[in-house]
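To start, the structure itself, in structure tokens.
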Amino acid sequence: MRKLNLPCLAALFSTAFIAAASAEEALPGFEQPEPIVKQLPPEPDDEAANSGTFKVGDFDVRVSGSVTVDIGVGPVKPPRR
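Just so you know, the sequence shown maps onto residues -23 to -1, 1 to 58 in mature numbering (1 follows the signal peptide of the UniProt record, and there is no 0).
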């Protein structure tokens, strides 16, 4: 088993801490630009889940019942009877 080289290990960790500390400080005479990407605003409370209705433009929409979706590819085959 090899012995740890303490001075090298200490130098490695100290440079990592110095780099992290200097990254947080701003340069003199330099202002941080506004970021291009901004955080999205929080989504509004979902009232449609409570009441079952929602607005689309000027219309109040209420969805009830069930929805069936059939997806097929190619020609429809005749039933085997």
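Cβ coordinates follow ideal geometry from the N, Cα and C atoms, glycine included.
Original post:
Who pairs with Arg39 in a beta bridge, going by DSSP?
Top reply: According to DSSP, Arg39 bridges with Thr30.
**OP:** Leaving aside the five residues before and after Thr30 along the sequence, list all residues of the same chain whose C-beta is less than 7 Å from its C-beta, in chain order.
**Re:** The answer, listed in chain order, is Asp37, Val38, Arg39.
Original post:
Between the C-alpha atoms of Leu16 and Gln9, what's the straight-line distance to the nearest angstrom?
Top reply: It is Gln, not Leu, that sits at residue 16 in the sequence shown. Roughly 17 Å between the two C-alpha positions.
Original post:
From Phe7 to Val33, what does the alpha carbon distance come to, in whole angstroms?
Top reply: Between Phe7 and Val33, the C-alpha separation is close to 47 Å.
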